[in-house]
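First residue of the sequence shown? That's 1490 in the numbering used here, and the numbers climb one at a time after it. Cβ atoms here follow ideal geometry from the backbone N, Cα and C, with glycine treated the same way. Working notes, structure below.
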Amino acid sequence: MKEKISRLQFLDRSAKLMMAGMLAPFITNGAELFQTRKVKIGLIGCGSVSGMYLPHLSKSPYVELVSVCDIIPERAKAAAAQYKVPNYYVHIDQQLAGAPFDLLVNLTDMQEHGRLNKLALLKKRHVWSEKPMANTYAEGKALLDLSKQQGVRIWGAPAVVNSPQFAHMSRMIQQGKIGKVSAAHAHYGHLGPTWSAFFYEQGGGSLPDLGVYNIATLTGLLGPAKSVMGMTSIVTPERTVDNKGKIKVVAEDNAMVLMDHGNGILSHVQCGFNYFDPYGHEGSGQDKPTISIWGTHGNLQLIGYDWAPFGVDVATHDHENTRREATDTGSYVWQEGASVISQSLATGNEPLIAAEHALHVLEVMEATRASQQTGKRIALKSTFRYPVV
Ligand SMILES: NC(=O)c1ccc[n+]([C@@H]2O[C@H](COP(=O)([O-])OP(=O)(O)OC[C@H]3O[C@@H](n4cnc5c(N)ncnc54)[C@H](O)[C@@H]3O)[C@@H](O)[C@H]2O)c1
């Protein structure tokens, strides 16, 4: 006979089991029992990206949307009405004290992530955070430690490691199909968001908004970086944005990151808010390579942005003509992070996305800025489970 447990006991137990590395027996014995469980979500930040998250979450069989919250009351009210969410709040304290939920989905300004994530963890809520997970590596590490003390979990965007194209490239690298990997390049840029000032203020920048995807992809494919050198600059010192009018740009809007992954592997990321890009912020129609990996027996090019890829161009020693592989995008979409985490909490199945990876990416971004300030190569201490796939 199957053991009957309450939903809260189940979520608590799944978090503890996952932390204790006891997943395999849990999945095998429990998958059937847990499949119909729904994770109760409280979503905070009803701005631009919530317009992608909410429709996606409302279709997930593992999700029950319990509340939305925004400091701009009409946004919270409108989101609740549009997506039939029963509760809305204008302050996180009200949300945490209000209708019970299991997972906070944090879609607020980047500068608010660390503070709000901590409040949720202190109330024993799991957290899915948009990037970055925190403002500094030290703050992010403290959040991860706190989550363990509290018996809950925290995860951070992006979800790039979930795409079938990432998996294809990773397997080819791990199976030695492109020989010894030596170098890689990634780029992502557009002319910058126009709606909110936080992207350009202290704690914002093109690194945590754009470079974060490429750094997650390259470290995910090539392994944790051992050290970083970087240069950053501000190309456009003043901008006009919808919520604050004319503002001074404080955070870098142009960045170059060099990573040493060990074993001789070097990679490069460039990102910025000053790239003319005919595909715009949505990236529709972008069909060019954005990630290139070179090995002694073959080269791989990821087609489309790494957050929305749709193929991998492959040329190898024994098949020199480039061919396109992994053209099936499956169910992957970039805004799936919180629904994948809900599925994971509901089934006990450990996701590919890992807090340690998000933290490592945060350390790389911080090291890039430290390198710009000091002119030095910066050694990193963080690492994560590798290979991811
Ligand atoms: N817009 C996108 O396409 C996109 C894509 C991927 C990731 N992101 C990430 O999503 C996050 C949000 O970006 P956005 O573009 O939606 O910004 P946004 O400015 O459109 O929305 C942020 C919302 O958070 C609210 N907010 C801020 N502080 C709050 C607080 N303390 N409590 C409650 N609500 C608060 C704001 O009022 C605003 O409505 C950022 O981390 C961004 O990097 C955005």
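Which term fits residue i, buried or exposed, when burial requires 16 or more other beta carbons within 10 angstroms of its beta carbon?
i: Phe1765; result: exposed
i: Ala1513; result: Below a pLDDT of 50, predicted positions are generally treated as unreliable, and Ala1513, at 30, falls in that range; no measurement from the model is reported.
i: Lys1669; result: exposed
i: His1806; result: exposed
i: Trp1684; result: exposed
i: Met1511; result: Reliability fails at Met1511, whose pLDDT of 34 lies under 50, so the model's placement of it is uncertain and the value that follows must be treated cautiously. Flag for Met1511 reads exposed.
i: Ile1792; result: buried
i: Ala1883; result: The requested residue 1883 does not occur in the structure, where the chain is confined to residues 1490 to 1878.
i: Glu1563; result: exposed
i: Glu1521; result: Residue placement at Glu1521 is flagged as unreliable, the pLDDT there being 42, under the threshold of 50; a coordinate-derived value is accordingly withheld.
i: Gly1734; result: exposed
i: Pro1544; result: exposed
i: Ser1831; result: buried
i: His1808; result: exposed
i: Thr1836; result: buried
i: Leu1585; result: buried
i: Lys1643; result: Looking at the sequence itself, residue 1643 is Ile, so the reference to Lys does not match. Flag for Ile1643 reads buried.
i: Glu1771; result: exposed
i: Thr1721; result: buried
i: Gln1664; result: exposed
i: Arg1728; result: buried
i: Lys1529; result: buried
i: Ala1509; result: Residue placement at Ala1509 is poorly supported in this model, since its pLDDT is 39, which falls under 50; the coordinates are not used for a value here.
Return the chain-ordered list of same chain residues with a C-beta closer than 8 Å to the C-beta of residue i, the five sequence neighbours on each side being excluded.
i: Thr1872; result: Pro1713, Glu1845, His1849
i: Ile1581; result: Ile1533, Cys1558, Leu1605, Leu1608, Ala1609
i: Thr1725; result: Gly1681, Val1738, Asp1742, Phe1762, Asn1763
i: Arg1874; result: Ala1843, Glu1845, His1846
i: Arg1858; result: Leu1696, Gly1719, Thr1721, Glu1741
Between the Cα of residue i and the Cα atoms of the options, which residue gives the shortest distance?
i: Leu1834; options: Leu1543, Cys1535, Glu1553, Ile1533; result: Glu1553
i: Val1900; options: Phe1762, Gln1654, Gln1691, Met1854; result: There is no way to answer for residue 1900, as the model of the chain reaches only from 1490 to 1878.
i: Pro1840; options: Ser1556, Asp1795, Ser1652; result: Ser1652
i: Ser1547; options: Glu1727, Ile1867, Ile1561, Gly1531; result: Gly1531
i: Ala1489; options: Ser1659, Gly1819, His1808, Thr1811; result: Summary: the structure shown does not reach residue 1489, with the chain confined to residues 1490 through 1878, and so no result is reported for it.
i: Asp1795; options: Gly1700, Lys1527, Thr1625, Thr1721; result: Gly1700
i: Asn1810; options: Thr1625, Asn1788, Gln1638; result: Asn1788
i: Arg1866; options: Ala1843, Lys1777, His1750, Gly1719; result: Gly1719
i: Ala1675; options: Pro1589, Met1748, Ala1567, Glu1727; result: Met1748
i: Met1622; options: Ala1868, Leu1869, Ile1842, Gln1861; result: Ile1842
i: Val1579; options: Tyr1572, Lys1566, Asp1591, Tyr1551; result: Lys1566
i: Thr1706; options: Glu1690, Met1658, Ala1686; result: Met1658
i: Trp1617; options: Gln1583, Ala1627, Ala1648, Ser1695; result: Ala1648
i: Phe1687; options: Ala1646, Ile1736, Leu1710, Leu1755; result: Ile1736
i: Gly1645; options: Trp1823, Asn1838, Pro1767, Glu1727; result: Trp1823
i: Gly1540; options: Ile1561, Tyr1572, Arg1526; result: Tyr1572
i: Gln1691; options: Ala1673, Ile1723, Tyr1702; result: Ile1723
i: Lys1527; options: Arg1858, Ile1561, Gly1587, Asp1591; result: Asp1591
i: Val1746; options: Glu1601, Tyr1551, Ala1627, Ser1860; result: Ser1860
i: Asn1838; options: Tyr1542, Tyr1551, Lys1529; result: Tyr1551
i: Tyr1542; options: Thr1863, Ala1827, Gly1864, Thr1857; result: Ala1827
i: Val1650; options: Thr1863, Gln1638, Tyr1821; result: Tyr1821
CB-CB under 7 Å to residue i, same chain, minus the five flanking residues each way: which ones, in chain order?
i: Gly1753; result: Ser1671
i: Pro1876; result: Ser1659, Gln1663
i: Ile1561; result: none
Given a cut-off of 9 Å on the beta-carbon distance, is the pair residue i and residue j in contact?
i: Ser1880; j: Val1574; result: Here the chain has residues from 1490 to 1878 only, and residue 1880 is not among them.
i: Gly1769; j: Ile1662; result: no
i: Glu1619; j: Val1730; result: no
i: Ala1740; j: Gly1693; result: yes
i: His1750; j: Thr1708; result: yes
i: Ser1716; j: Leu1611; result: no
i: Thr1625; j: Glu1825; result: no
i: Gly1603; j: Gly1629; result: yes
i: Leu1696; j: Ala1744; result: yes
i: Ser1773; j: Ala1673; result: no
i: Ser1781; j: Gln1790; result: yes
i: Val1801; j: Arg1813; result: yes
i: Lys1666; j: His1786; result: yes
In chain order, what residues of the same chain lie with their CB nearer than 6 Å to the CB of residue i, ignoring the 5 residues before and after it?
i: Ala1656; result: Val1878
i: Ile1704; result: Val1758, Val1850, Val1853
i: Ala1569; result: Val1557, Tyr1577
i: Arg1614; result: Leu1593
i: Cys1760; result: Tyr1677, Gly1678, Ser1695, Leu1699, Gly1700, Ala1744
i: Ala1588; result: Val1555, Ser1556, Asn1576
i: Leu1635; result: Leu1610
Any beta-carbon of chain B closer than 9 Å to the one on residue i?
i: Ser1695; result: The chain inventory of the structure shown lacks chain B, comprising one protein chain alone.
Closer than 8 Å to a non-hydrogen atom of ligand 3 - does that hold for the CB of residue i?
i: Asn1576; result: This structure lacks ligand 3; its bound ligands are ligand 1.
Requested in this report: Count the C-beta pairs between the region 1589-1602 and the region 1533-1542 that are closer than 8 Å, then say yes if the count reaches three, no if not.
Outcome: yes
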